[in-house]
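Residue numbers (this note's numbering): 567 to 713. For each residue, glycine too, the CB sits at the ideal point set by N, CA and C. On a predicted model such as this, the values are computed, not experimentally measured, just so you know. Down below is the structure, laid out as structure tokens.
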Amino acid sequence: MARLTVNNQPLEFRLEPDTPLLWALRDAANLTGTKYGCGTGECGACMVIVDGQAMPSCTLSLGEAEGRSVTTIEGLSTDRNHPVQQAFVVALAGEAGFVLDAAPLIHPRAGQAEGGYERMVLRFRKPMTRGAVLSAQPNVAAPGASL
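This is the structure:
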């Protein structure tokens with residue numbers, strides 16, 4: 567049994583501790599916005615935010631997530647109008663993981679990343695992802711600002 571906070575809600579999973587977080591979220595919690603892509607954590611389709619850091623949920627076990635705070639695409643915005651979500655819709659980069667890969671840019675700890683904002687944008691795998699993040703940037707509060 568694993569207890570963690572998902573989208574600001576305490577959840578208890580009665581699954582094996584080695585179950586990938588991705589499948590716990592999709593199958594047990596019915597949060598299907600997080601997608602399976604490669605199974606190795608490389609593609610970004612399964613990205614979630616764990617304690618403020620983007621992490622692939624396909625390589626993180628439920629046991630490793632125990633006691634932590636997880637945000638999925640469903641938890642980013644209840645009305646789906648978050649500037650980063652909207653920018654990805656416009657850019658047709660809609661895999662949920664790519665949106666979550668960008669979401670730490672708005673988290674207070676994002677400014678602590680080595681190289682800052684520009685360095686984080688450059689790490690995105692696809693040009694459309696970088697473009698979506700850059701287009702959303704003027705509409706997103708600076709790291710550390712309240713939204």
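Item: Span separating the alpha-carbon of Leu597 from that of Gly641; Value: 10 Å
Item: Helix, strand or coil at Leu581 [DSSP, three-state]; Value: coil
Item: Beta carbon of Thr585 nearer than 7 Å to that of Ser635; Value: no
Item: Any beta strand (DSSP E) of 3 or more consecutive residues that is wholly inside the stretch 599-645; Value: 613-616, 619-622 and 635-637
Item: Nearest-angstrom Cα separation, counted from Ile639 out to Pro674; Value: Residue placement at Pro674 is flagged as unreliable, the pLDDT there being 47, under the threshold of 50; a coordinate-derived value is accordingly withheld.
Item: Between the CA atoms of Asn647 and Leu628 - distance to the nearest angstrom; Value: 29 Å
Item: Gly607 and Cys624 closer than 7 Å at C-beta; Value: yes
Item: Delimiting residues of the beta strand (DSSP E) encompassing Leu570; Value: Ala568 to Val572
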